[in-house]
Amino acid sequence: MYNLLGVAWSLSTRGSFGFPVSPYISALVNDTNGGGNSLTYEISAYEVYSFESGSTPDRVFYTQDTKLFVTGGFVWAGWDYLGEPYPYAADDDAPRSSYSGIIDLAGFKKERFYLYQSRWRTDLPAAHIVPHWNWPERVGQVTPVHVFTSGDEAELFITGKSQGRQKKEPLTYRFRLSADRTTITADGEDLTFITAEVIDSKGNVVPTANNTIQFEVSSPGVIVATDNGFPGDLTKFPSTERNAFNGLALAIVRSQPGKAGRIKISATGDLKAAEIVVTAKAGRGN
């Protein structure tokens, strides 16, 4: 069976920001890393802090994008609720509610709301800047700025002056096919093993790629099996659709009896397609 990543369990207080900001995602909350303030019971809304057995959204998103065995995500919680005020639950004068919601107890959106919106609703143009700009006590200091956006590029301006631009570089990955044998016997039994690779612009295999590959073959060939080597992949062997596992997948193609000719094998999906030709001949293959 496939696994479900568990769980996106971030902690924050709407509109509250602590310094310094942890350079790590899914950092634990404490008074020394900018995550929390045990005097005011606030947790920084930079959205990089999480419950000890949970993860922040960024880590969940990355895992969903790069790991075959992750088929979805679970968020705890959509809305702050009464009780479970971790990490302050053991205090004598503990807060009344949790910190894990995407929306706070009064129904106001936290910063994290816009991070999820940018991920889940890419059809909505959006940009949300974290934190706010009222920092008289931080004049002369560097204040980290995070931008949650559904766009491909973000540029930050302060009083009309650009502070820099960050762009999501488009992935130039593509599929590549190779065959262990380019000529097989047209006897209905001979096989060729087709390796599908996800490669980058320099031709290197992408070791974290788990893209879905749709294999197709023209007559006089037939796909008898696909695989990727991952023990947890329960996709049936005859399936012509297979996820790559850490950059690789395999298709096994068989000739048809008495049918010689060119067999075109193709790999398509969300990347640039690839194809290769294997020849089925009467007589001995090589």
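When we follow my numbering, the leftmost residue of the sequence shown carries the number 5, and every step to the right adds one.
The beta-carbon is built from N, C-alpha and C at its ideal position, and this holds for glycine as well.
1) How should N138 be labelled, buried or exposed, when 16 other C-beta atoms within 10 angstroms of its C-beta is the threshold for buried?
2) Using the Cα positions of Y6 and R258, report the straight-line distance between them to the nearest angstrom.
3) Using C-beta distances below 6 Å, list every residue in its chain close to P148, excluding the 5 sequence neighbours before and after it, in chain order.
4) For E141 and A94, I'd like the C-alpha separation in whole angstroms.
5) Cα separation between V202 and T153?
6) Whole angstroms are fine: how far does the CA of G155 sit from the CA of K171?
7) Indicate the three-state DSSP secondary structure (helix, strand or coil) for R142 in the structure shown.
8) Quick test of your reading: A264 and P224, contact by CB under 8 Å. State the CB separation rounded to the nearest angstrom.
9) Please report the straight-line C-alpha distance between D62 and L238, rounded to a whole angstrom.
10) So Y115 and E46 are in contact, right, with Cβ under 8 Å, and what is the actual spacing, rounded?
11) Is the distance from the Cβ of D184 to the Cβ of T196 below 8 Å?
12) For G82, which residues from the same chain have a beta carbon less than 6 Å from its beta carbon, with the 5 sequence-adjacent residues on both sides left out?
13) Which first and last residues belong to the beta strand (DSSP E) in which E159 is found?
14) Can you find the residues in the same chain that come closer than 8 Å, C-beta to C-beta, to P161, ignoring five residues on each side of it along the sequence?
15) DSSP three-state label for R18, please.
16) Could you please give the first and the last residue of the uninterrupted beta strand (DSSP E) stretch that includes Q170?
17) Could you pull out every residue in the same chain whose Cβ sits closer than 8 Å to the Cβ of V151, ignoring the five residues on either side in sequence?
18) From K165 to Q145, what distance separates their C-alpha atoms?
19) Where does E46 sit, in a helix, a strand or coil, going by DSSP?
20) Is E56 helix, strand or coil when you go by DSSP?
21) Using only CA atoms, which one of A200, F117, S48 and V281 lies nearest to G245?
Looking at the coordinates:
1) Here residue 138 refers to the residue found at position 134 of the sequence shown. So N138 counts as exposed.
2) What you label residue 6 is simply residue 2 of the sequence shown in a count that begins at 1. What you label residue 258 is simply residue 254 of the sequence shown in a count that begins at 1. Below a pLDDT of 50, predicted positions are generally treated as unreliable, and Y6, at 46, falls in that range; the measurement from the model is reported next regardless. One C-alpha to the other measures close to 29 Å.
3) As a working mapping, residue 148 is identified with position 144 in the sequence shown. Excluding positions up to five away in sequence, the list reads V25.
4) Counted from its first residue, the sequence shown places residue 141 at position 137. Counted from its first residue, the sequence shown places residue 94 at position 90. Looking at the two C-alpha atoms, the distance is approximately 32 Å.
5) Translated into positions along the sequence shown, residue 202 becomes position 198. Translated into positions along the sequence shown, residue 153 becomes position 149. One C-alpha to the other measures close to 27 Å.
6) Walking along the sequence shown from the start, residue 171 turns up at place 167. Walking along the sequence shown from the start, residue 155 turns up at place 151. The alpha-carbon atoms of K171 and G155 are separated by roughly 9 Å.
7) Walking along the sequence shown from the start, residue 142 turns up at place 138. Here R142 sits in helix by DSSP.
8) If you number the sequence shown from 1, residue 264 lands on position 260. If you number the sequence shown from 1, residue 224 lands on position 220. Right, the Cβ-Cβ distance comes to about 7 Å (below 8 Å), so this counts as a contact.
9) Position 58 of the sequence shown, counted from the first residue, corresponds to residue 62. Position 234 of the sequence shown, counted from the first residue, corresponds to residue 238. Their backbone Cα atoms lie some 28 Å apart in a straight line.
10) Looking up residue 115 in the sequence shown gives position 111. Looking up residue 46 in the sequence shown gives position 42. Residue identity differs from the one stated: residue 115 is Glu in this sequence, not Tyr. Wrong, their Cβ atoms sit about 13 Å apart, outside the cutoff.
11) Reading the sequence shown from its first residue, position 180 is the one you call residue 184. Reading the sequence shown from its first residue, position 192 is the one you call residue 196. Yes, they are a contact pair.
12) In the sequence shown, the residue the question calls residue 82 occupies position 78. The answer, listed in chain order, is I106.
13) Reading the sequence shown from its first residue, position 155 is the one you call residue 159. Note, E159: beta strand (DSSP E), E157 to I162.
14) Position 157 of the sequence shown, counting from 1, holds the residue named residue 161. As written in the sequence, residue 161 is Phe, which differs from the Pro given in the question. Within the same chain, F161 has close Cβ partners Q167.
15) Taking the sequence shown and counting its residues from 1, the one referred to as residue 18 is at position 14. Coil.
16) The residue you call residue 170 lines up with position 166 of the sequence shown. Q170 -> beta strand (DSSP E) spans K165 to K171.
17) Within the sequence shown, the letter at position 147 stands for residue 151. For V151, where only same-chain residues beyond five positions count, the Cβ hits under 8 Å are A131, H132, I133, V134, A158, L160 and Q170.
18) As a first step, residue 165 must be located in the sequence shown, where it is residue number 161. As a first step, residue 145 must be located in the sequence shown, where it is residue number 141. If I take the Cα positions, the gap works out to 18 Å.
19) Indexing the sequence shown from 1 puts residue 46 at position 42. Correct three-state label for E46: strand.
20) Here the question's residue 56 lines up with position 52 in the sequence shown. Coil at E56, not helix or strand.
21) Against the sequence shown, residue 245 aligns to sequence position 241. For the record, residue 245 in the displayed sequence is Glu; it is not Gly. E245 has its Cα closest to that of A200, out of A200, F117, S48 and V281.
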